[in-house]
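**Student:** All residue numbers for the sequence shown refer to the numbering used here, where the first residue is 6 and numbers rise by one. Here a beta-carbon is modelled for each residue, glycine too, at the ideal position from N, C-alpha and C. Just so you know, these numbers come straight off a predicted model, no measurement behind them.
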Amino acid sequence: MSLGPPAGMAAPSMKERQACWGARDLYWQCLDENAEDASRCQQLRSSFESSCPQQWIKYFDKRRDYLKFKEKI
């Protein structure tokens, strides 16, 4: 019985995590600077999607929506 991640599902290395977080931060900064106009940040979104695991992208997108909602109240 293996306690590690399933085959092909290894956790990202520190370098990969940092690249993901950096791409996310640049994308979010672009959205902030362009009044949430995602069409102006398409290249950064592509970089974000290619740098992060799909599950992380879903989580970060939901987190940003929540944080923006929270700012309004």
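1. Just to confirm the assignment, what range does the alpha helix (DSSP H) spanning Glu-21 have?
2. Just checking Gln-47 against the ligand GDP - is the residue's beta carbon closer than 7 Å to any of the ligand's heavy atoms?
3. Below 8 Å on the Cβ atoms is my contact criterion, and I expect Arg-50 with Tyr-71 to pass it. Report the Cβ-Cβ distance as a whole number of Å.
4. Of all the options Pro-17, Glu-54 and Ala-15, which has the alpha carbon lying nearest to the alpha carbon of Asp-30?
**Tutor:** If we stick to the structure as given:
1. The count along the sequence shown starts at 1 and reaches residue 21 at position 16. Looking at the DSSP string, the run of the alpha helix (DSSP H) that includes Glu-21 is 19-38.
2. For the ligand GDP, the structure offers nothing, since it holds no ligand at all.
3. Translated into the one-based positions of the sequence shown, residue 50 becomes position 45. Translated into the one-based positions of the sequence shown, residue 71 becomes position 66. The Cβ separation is near 19 Å, so there is no contact.
4. Reading the sequence shown from its first residue, position 25 is the one you call residue 30. Residue Glu-54 is the option with its Cα nearest to Asp-30.
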